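Working notes, beginning with the structure itself.
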Amino acid sequence: MLFLNCSKIKTQTSNMRKKLSPNIFLFLAFIITISSCVNRKQIVYFQKGAHKSDTIAAIQAYVPKIQPGDILGIAVASLNSTASGFFNPYSASGADASGSGGGAASVATAAPGFLVDSAGTIELPLIGPLKVAGLNTSQARDLIKSHLTTYLKEPTVNVRFLNYKISVLGEVAHPSVYIIPNERITITEAISMAGDLTIYGKRTNVMVIRDVDGKKEFGSINLNGREIFNSPYYYLHSGDVLYVEQGKGKIAASDEAFRIIPLVLTSLSVIILAIYRFR
């Protein structure tokens, strides 16, 4: 009787193993396949937290200061165009007295202009060296204008940055260095210029690398939340580097093993199912 029971148990175990073997392969293939998928919640921007208000206090707008190494476009106009033209040796640079520039950024290219030297000064025709480091462009404009009144009647001055640039790297559609035509850019605008994050970009930890007093500062922004609008990294500074890390989905999808294993397991499952079915 005991022998018959043992034989019956072995038969049931063998049958169960036959049924489970192909199912195990299918299950493993399913697990590996979904491991490379991206959850919708991971890619939605500005998600509302539970019991959170729809109103978020905006951070104070960033006003950049002139620093050594900056290139300034300075355009001068007056009632005497011939006289004012003497102060515009770089008129082809695109800086004019009519405004602060267009609304679209461009890929970084060299532009002529007045270089702020290591002492924080620029050299202007007739006027000579002027200390502009530490000033914003409005203050620099007023300073230059005060010196021009000696030579021009009712001068108009426009000062703008020609090398205000940011770098966008990582999982974005168009990683590059971008020249910003005005003095202000937000992280959302920078991402838009770079063609948005790819589906595999890690939105919960976008890194901002910034030079502060000769040191590298590393900040982190979560694009899934709404708190980015009052983050100190919401407004990007000239020279900032924006880096978007790869998510696990991209790593899995790009790995050769992850691409091949599901196919192999699925093929084996089909073969085993066919063998067990026709035995």
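Each residue of the sequence shown is one higher than the one before, counting from 60 in my numbering.
Ideal Cβ placement from N, Cα and C applies to all residues, glycine included.
Since this is a predicted model, take the numbers as computed values, not measurements.
Option in the options with minimal Cα separation from residue i
i    : options                   : result
G306 : G260, D176 and Y237       : G260
N217 : V135, A116, Q106 and A117 : V135
N222 : D299, K107 and S279       : D299
S279 : D272, P171 and Y293       : Y293
T114 : R285, L301, I330 and P291 : R285
G179 : N281, Q126 and Y237       : Q126
Opposing strand residues paired with residue i [DSSP bridges]
i    : result
A134 : N217
M266 : S279 and Y302
I181 : L189
L256 : V231
Y294 : T245
L174 : I130
V271 : K274
Q198 : Answer is none; Q198 lacks a bridge partner.
Q106 : G284
Whole-number beta carbon distance between residue j and residue i, since they are thought to touch under 8 Å
i    : j    : result
K124 : G193 : 6 Å
A232 : T257 : 6 Å
Y302 : L228 : 5 Å
Rounded straight-line distance, which links the Cα of residue j to that of residue i
i    : j    : result
T215 : N241 : 19 Å
I287 : I186 : 44 Å
N139 : K212 : 8 Å
I244 : H296 : 8 Å
N289 : R269 : 17 Å
I203 : A117 : 33 Å
Y210 : L183 : 13 Å
A151 : V103 : Summary for A151: the model assigns pLDDT 45, below 50, so the residue's position carries little reliability, and this model does not support an answer.
R219 : G172 : 10 Å
T196 : I250 : 26 Å
T208 : G132 : 19 Å
Y149 : H206 : 19 Å
Q198 : V191 : 8 Å
V267 : F277 : 6 Å
T247 : I239 : 14 Å
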